[in-house]
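The structure appears right after this line, and notes come after that.
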Amino acid sequence: MPTDDSQDGENRFRRSPTGPAVAPPRLPPGQAPTPPVQLPWHKRHFWTVAIFILLVAGVVIRAYRDLSQPEAWDYWKDQYVSPSLTSQVIDTLHLDGSSPGRRALFVSGTIGPAAANWFRGRLDQADLAAGDIVLLASPGGDLNQAAIIGEIIRSRSLATAVGSADASGRVKPGYCASACVLVYAGGKARFGVLGSALGVHRFVTTRPVDDPVAEAQRVSGAVLGYMTKMGVSSSIVEAMSETREIRWLSPKQALAMNLVTDPLGKP
1 MPTDDSQDGE NRFRRSPTGP AVAPPRLPPG QAPTPPVQLP WHKRHFWTVA
51 IFILLVAGVV IRAYRDLSQP EAWDYWKDQY VSPSLTSQVI DTLHLDGSSP
101 GRRALFVSGT IGPAAANWFR GRLDQADLAA GDIVLLASPG GDLNQAAIIG
151 EIIRSRSLAT AVGSADASGR VKPGYCASAC VLVYAGGKAR FGVLGSALGV
201 HRFVTTRPVD DPVAEAQRVS GAVLGYMTKM GVSSSIVEAM SETREIRWLS
251 PKQALAMNLV TDPLGKP
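Under the working numbering, the first residue of the sequence shown is numbered 1, with each subsequent residue one higher.
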């Protein structure tokens, strides 16, 4: 077939990929194509606004449902409004008279439901290096958040100690109880400051559960697994299970459990 005839054929016909050539539809002479039907402007505007309102309402309703749960509101408040923990960077912390000073992050307060995210952010700002110290003073709080904070401390090879610091950077005795002990256990080195106290007790859940006994066993197993991973003796879980009240460990007991790894003299 001549080339021109082939090109004319392509211009005159649409070719089906699976069948013979199909001639395009033809309009009667002098008839213009019918324009597409469009809604009036005010109707298009109405439907645009209506769809936008529905989308916003869906987001608001979902946010309300999420925040209407007490746990969600507590998390949001602890994350954005009023964190339960406070922190202070100490450029040079002196644990005792013989050891060189180290950079430290002093963390105090109750461990809230968003404490781990808060702590990670403060730790990044403090720019601590491996071997630097997280100084703790806390009555405890959220068990799961405490374990996460402890994992963060261990992943960065930081040390832990219990107490506070004066203006010169010297350590003063303090206490760390309940869930705070899990944070303390995260230290690669765990300094025992003379006069500071570590308190343990049986952990219980505050939310309603179908089987409280099974839940208590689950919590105890989780604490045991965490403490074992951190190099602490399983005997600490036995000490916890003995009472629901705070049991303050003596320096000798804390050392025997390997909870304290580096006992210090008086600052």
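Cβ atoms here follow ideal geometry from the backbone N, Cα and C, with glycine treated the same way. As the structure is a computational prediction, the values presented were derived from the model and not from experiment.
Beta-ladder partner(s) of residue i, from DSSP
i	result
Y175	A197
F191	D262
Q88	F106
T160	V134 and R190
L249	L198
Inter-residue spacing [alpha-carbon to alpha-carbon] between residue i and residue j
i	j	result
T243	V162	22 angstroms
L224	C180	15 angstroms
V81	V237	35 angstroms
D262	A216	32 angstroms
I133	T48	57 angstroms
A214	D78	29 angstroms
A239	M227	13 angstroms
Test item: CB-CB of residue i and residue j under 7 angstroms
i	j	result
H94	G141	no
I149	V183	yes
P100	D74	no
L135	G109	no
L143	F203	yes
L105	A126	yes
L264	G192	yes
A254	L194	no
M257	S241	no
A177	P139	yes
S196	G174	yes
Q145	A189	no
I90	A165	yes
DSSP three-state assignment for residue i, whether helix, strand or coil
i	result
G141	strand
V232	coil
S155	helix
T243	coil
R218	helix
A254	helix
V204	coil
A165	strand
R14	Confidence at R14 is low in this model, with a pLDDT of 47, below 50, so the placement of that residue is unreliable and no value is reported for it.
I148	helix
Can you list, in chain order, the stretches of the beta strand (DSSP E) that have 3 or more residues and sit fully within the segment 93-137?
Look at the segment 93-137 and you find these whole runs of beta strand (DSSP E), each 3 residues long or longer: 102-109 and 133-137.
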